[in-house]
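Residue numbers (my numbering): 3 to 320.
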C-alpha cells in the first residue's frame, strides 16, 4: 500500500491570499511552473486553487483565498496537507486549542450558496443569527429600491427560481415574495451544532474503519500472516503489540529475539519479540518507533506477514 506524503503549515502573517509550500515537499509533486490543484476540506467538499512557482518559492494562490475565507481561517491555526496525487490535497484544520475544528465538517462553498424557498426553520435561524450578520428591515430595503429605481435580476414572473448569491452586496440577497422579505445570513462557526458534527464525524470514522477491515480481510499471501486491528493498548503506554497466539506460537521463535519488521515503504525497523507460553507473544522495544514513524491510528488494521524466519512485512490498512 503506497504511503501518502504530508506537510503542515502554521498560519502566520498574511496567509489570506496565498500559502507557501515547503521546499522539501516539492519533490513529491510536478515541476511545472503553474498548475491547478484541488483542495478537499474537512467537509469533503473541494475547492480549486492554483499552484504558482516564483523566485520566492512555491505558493497556493487563486482559489486559496476562497478556501481560507470559507473556512474562516485564523492566525496561529494549524493545517495538515495530505497529498493524494494528481495535484489533489486533503486538508485537516486544527484550532489554537490543538483540536480539529469540528465546526468545519459541514462548511460549504460560499459562491455556490443559493437562496431557495425559506421555511419556518429559516426564519428562526435569521432571528437567532443577529450577532453574525447585518439584518436589514423590509421597510428600509423597499424604500432604497424605490428611490434608486433598480430592478432585481433573477426574479421571474412565476417567482419560482432562486436568486444566486452575489459577493458585492454585504452577504445579503433579497427574494421577492407576496407577503414578506427573505434574507440570508452567513452563519457563524460558533453557531454550528457541535454535537451534530461530532455524531457525523463518528459515523465517518466507523465507515472508514469498516472499509479498512474489509480491505485487510481480502489480503492473501503464500507466506503465513495474521491480522491485528489497533486498539488503545497498542498505541499507548507501555507501547506493546500483542500478536494472536495461534500465529506467534506456531511461526515465531520460542525465545526472546530481535525481529526485523518492514513498513509499506520497505523501511526496516528492529523490534524485540518476547514469547509468552501462557499468553500472547509481544513486540515491545522498537514497536513505539514503528507506530510513530508510520503514523498509526486507533482503528487502523495491520497485517503481519512472515516472509523470513525473523522478518515480518507489515501491510497497513488505514
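Note that beta-carbon positions come from the ideal geometry of N, C-alpha and C, so glycine has one too. In this text the structure is predicted, and so the values were computed from the model without any measurement.
For residue i, three-class secondary structure by DSSP
i, result
"residue 175", "Summary for residue 175: the model assigns pLDDT 44, below 50, so the residue's position carries little reliability, and this model does not support an answer."
"residue 225", "coil"
"residue 103", "coil"
"residue 50", "strand"
"residue 9", "strand"
"residue 270", "strand"
"residue 15", "coil"
"residue 296", "coil"
"residue 72", "helix"
"residue 290", "helix"
"residue 261", "strand"
"residue 307", "strand"
"residue 275", "strand"
"residue 27", "helix"
"residue 235", "helix"
"residue 2", "With the chain covering only 3 through 320, there is no way to say anything about residue 2."
"residue 125", "Confidence at residue 125 is low in this model, with a pLDDT of 49, below 50, so its placement is unreliable and no value can be given for it."
"residue 45", "coil"
"residue 56", "strand"
"residue 108", "coil"
"residue 220", "coil"
"residue 249", "helix"
"residue 96", "strand"
Nearest residue (CA-CA) to residue i, options the options
i, options, result
"residue 232", "259, 289, 260", "289"
"residue 268", "309, 228, 277", "309"
"residue 98", "264, 11, 19", "11"
"residue 266", "274, 55, 295, 242", "295"
"residue 13", "73, 30, 6", "73"
"residue 221", "88, 101, 305, 89", "305"
"residue 16", "78, 300, 241, 256", "78"
"residue 239", "293, 211, 213", "293"
"residue 103", "263, 80, 251", "80"
"residue 212", "228, 109, 275, 320", "320"
"residue 75", "88, 57, 91, 43", "43"
"residue 237", "253, 299, 215", "299"
"residue 264", "278, 316, 19, 225", "316"
"residue 63", "31, 51, 277", "51"
"residue 108", "69, 71, 45", "45"
"residue 287", "100, 271, 227", "271"
"residue 9", "275, 95, 58, 56", "95"
"residue 71", "101, 20, 38, 31", "20"
"residue 69", "30, 106, 100", "106"
"residue 274", "314, 252, 57", "314"
"residue 2", "301, 251, 252", "There is no way to answer for residue 2, as the model of the chain reaches only from 3 to 320."
Interface flag, residue i vs chain D, CB-CB below 8 Å
i, result
"residue 255", "In the displayed structure, chain D is absent; only one protein chain is listed."
Same chain, Cβ closer than 8 Å to residue i, neighbours up to 5 away in sequence not counted
i, result
"residue 235", "242, 244"
"residue 312", "255, 259, 260, 261, 262"
"residue 60", "22, 23, 25, 28, 53, 54"
"residue 40", "48, 49, 50, 51, 89, 90, 91"
"residue 65", "41, 49, 50, 51, 52"
"residue 291", "271"
"residue 7", "27, 30, 84, 85"
"residue 150", "For residue 150, the predicted structure reports a pLDDT of 48, less than 50, and the residue's modelled location is therefore unreliable. A value from the coordinates is still provided. So no residue of the chain qualifies."
"residue 4", "266"
Contacts around residue i, its chain only, beta-carbon distance under 7 Å, and the 5 residues preceding and following it disregarded
i, result
"residue 218", "229, 303, 305, 319"
"residue 92", "42, 84, 86"
"residue 67", "18, 19"
"residue 276", "258, 283, 284, 286"
"residue 215", "231, 303"
Integer-rounded CB distance, given that residue j should sit under 8 Å from residue i
i, j, result
"residue 279", "residue 225", "Actually they do not touch by this definition, with Cβ atoms about 24 Å apart."
Proximity test, residue i beta-carbon vs the ligand NAD heavy atom, cut-off 7 Å
i, result
"residue 6", "With respect to the ligand NAD, the structure shown offers nothing to examine, as it has no ligands at all."
Next item on the list: Assess, as a yes-or-no matter, whether the stretch 281–300 is touched by the stretch 240–248 under the definition of 3 or more beta carbon pairs within less than 8 Å.
Entry: yes
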